[in-house]
Amino acid sequence: MDDILELSHVNKSFKGFALDDVSFSLKKGYIMGFIGPNGAGKSTTIRCIMDLVHIDSGDVRLFGESFKNNIKALKQRIGFVYDQDVFFEELTVEKNKRVIAPFYERWDDDIFYRYIKEFDVPLDKKVKALSKGTKMKFALAVALSHHAELIIMDEPTSGLDPVFRKELLDVLLDVIQDENKAIFFSTHITTDLEKVADYITFILDGKILFSKEMEDLSEAYLLVKGPRSAESEIKAAHPISIKETSLGFEALMEGKEARELADQSNLHLERPNLDEIMYYLVKSNGINR
Amino acid sequence: MNSADQPIYQQIRNQIAEQILNGGIEEGGQLPSIRALAKELGISVITTKRAYEDLENDGLIDSVPGKGFFVSLHDKNALRKKQLAELQTQLKQLIGESKKYGMTLNQMVLLIKKWYMED
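Quick note, the sequences are listed as chains A and B, same order. Under the numbering used here, the letters of the first sequence match residues 370 to 658, in that order. Under the numbering used here, the letters of the second sequence match residues 593 to 711, in that order.
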């Protein structure tokens, strides 16, 4: 069983929003980035995985086992970082740790204090006095201190400065030096992901648009730029989405279709970054899967 | 395709290939593990894996199950030949480009001589 996390046909509806047939899986030893615009369902999906929200139908499998009736034991093996405050604001970092640690059978003080030192988190300060970034570092230290095999993080990089974001990515790559572990995290800062993520899962309006290897993604789409005069040709070639600029136009196309246009010297093909892929896919909302 | 940056896995593949061919990494020498190299370079495991797979397909490295990756002990001449063939192709392209802009054979030869001697 190589899948450490597997969602199959997960449905959950709320007033005015629904997760619609969400399926994807993550293998051991890899990092998956979960992206999508605000309100697309990233946090809701994560809350479903952690069973903080009960799903209407479908199944979530963790470490090869269904989470139904099992979630308590399975959570011992997960390091979870929320996007919101979960600590006791009035207590110091040290006291918060004393409250949290007993919940984990495999809590490891040595690792915890090592990360606290590495991340520069003050142990004697009350949590409410910490900056958003420092709280996130504390949460991360907690998530990494009980020998979790799967790290799940909801927007861990928001509120962090670029220097620590870089350090965080180092820590993540450190975690998966053990090929039995895996990391799943949501974010809207795609530049962080571009380098370290093995897989990208993109959610839009409660539906999964794709879940692919990052490497394949950069072949699946191409950005085509050209002068106004070539616009009709491009439009005929079924672009996913097209945008007019003062110099001409820019269009996101399926890689295969774009390559057929490659011989035309007035067109310029580029590898899009994740931001551009996300932007154009969101723009062309009604896209087929 | 007229302009697309080389994918990262190719950049890494080329860097390692270059080092192997010019002797920077010794024959039979062990390469870092996929995960260790990924961490060192701050890139994904899959990207690193692809670079290694490419190198293996080109016969530059061997994977020994359970042990890791090693620089092939293969015939280096064959690899050199391959690399030379690649250079020739590039040279042909360059000549084609130069013709487009009306450069004569003499002009090209003069420039090549000049830069070749500079080293």
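Ideal Cβ placement from N, Cα and C applies to all residues, glycine included.
| Item | Value |
| --- | --- |
| Residues from the region 634-668 of chain B in contact with chain A, defined by Cβ distance under 7 Å | G634, I635, S636, V637, I638, T639 and R642 |
| Strand pairing of A:K581, partner residues [DSSP] | A:I569 |
| Closer than 8 Å to chain B by CB, A:S587 | yes |
| Close Cβ partners of A:S377 (< 7 Å) along its chain, the five nearest in sequence each way excluded | S392, G427 and D428 |
| A:K437, DSSP secondary structure in three states | coil |
| Beta-carbon separation (whole angstroms), A:L643 vs A:I404, contact threshold 8 Å | 7 Å |
| C-alpha distance - A:E613 paired with A:E584, whole-angstrom precision | 28 Å |
| Local Cβ density within 10 Å of B:I612, reported as buried at 16 or more and exposed below that | buried |
| Reduced DSSP category for A:E375 - H, G, I as helix; E, B as strand; rest coil | strand |
| CB contact flag (A:V496, A:F456, <8 Å) | yes |
| C-beta neighbour in chain B for A:E536, strict 8 Å | no |
| As assigned by DSSP and simplified to three states, the class of B:L697 | helix |
| Segment limits, beta strand (DSSP E) that includes A:E623 | G617 to E623 |
| Option nearest A:L460 by Cα separation, candidates A:F472, A:S653 and A:P491 | A:P491 |
| Reference A:Y473; option with closest CA among A:I400, A:E458, A:R628 and A:Q445 | A:Q445 |
| 4 or more residues per run - each alpha helix (DSSP H) lying fully within the region 470-537 of chain A | 478-488 and 501-512 |
| Chain A contact residues for B:P599, given Cβ-Cβ distances below 9 Å | E584, S587, E588 and R640 |
| Through-space distance from A:H557 to A:N407, alpha-carbon basis | 8 Å |
| Length of the line joining the Cα atoms of A:A498 and A:G410 | 31 Å |
| Three-way DSSP call (helix, strand, coil) for B:A596 in this model | In this predicted model, B:A596 has a pLDDT of only 49, less than 50, meaning its place in the structure is not dependable; the value taken from the coordinates is given anyway. B:A596 falls in the coil class under three-state DSSP. |
| At least three beta-carbon pairs within less than 8 Å, the region 558-578 of chain A to the region 630-650 of chain B | yes |
| Through-space distance from B:L697 to B:S595, alpha-carbon basis | Note on B:S595: pLDDT 37, under 50, position unreliable in the model; no value is reported. |
| Residues that A:I545 contacts on chain B, provided the C-beta gap is smaller than 7 Å | R627 and V637 |
| Collapsed DSSP secondary structure at A:N657 in the structure displayed | Any answer about A:N657 is weak, because its pLDDT of 41 lies below 50 and its placement is not dependable; what the coordinates show is given next. Note: A:N657 maps to coil in three-state DSSP. |
| Sequence-distant residues of its chain with Cβ nearer than 6 Å to A:F554 (five each side left out) | M522 and P525 |
| A:I552 at chain B interface by Cβ criterion, 8 Å | no |
| Cut-off 7 Å between Cβ atoms - residues of its own chain near A:A627, not counting five sequence neighbours on either side | L591, V593 and L638 |
| Neighbour-count burial assignment, A:D561, 16 or more Cβ in a 10 Å radius | buried |
| Simplified DSSP assignment, three categories, for A:T461 | strand |
| Cutoff 7 Å; reference A:L542; Cβ partners in own chain excluding five residues on either side | V565 |
| Chain-ordered neighbours of A:K564 on chain C, where CB pairs are closer than 7 Å | Looking at the structure shown, chain C is missing, and the protein chains on hand are A and B. |
| A:F449, buried or exposed, once every other Cβ within 10 Å from all chains shown has been counted against 16 | buried |
| Residue of B:G634, B:W707 and B:I704 minimising C-alpha distance to B:I537 | Past the boundaries of the shown model lies residue 537 of chain B; chain B is included only from 593 to 711, so the question cannot be answered. |
| Outcome for A:S615 when other beta-carbon atoms lying within 10 angstroms are tallied against a minimum of 16 | exposed |
| Rounded straight-line distance, which links the Cα of A:I611 to that of A:Y648 | 11 Å |
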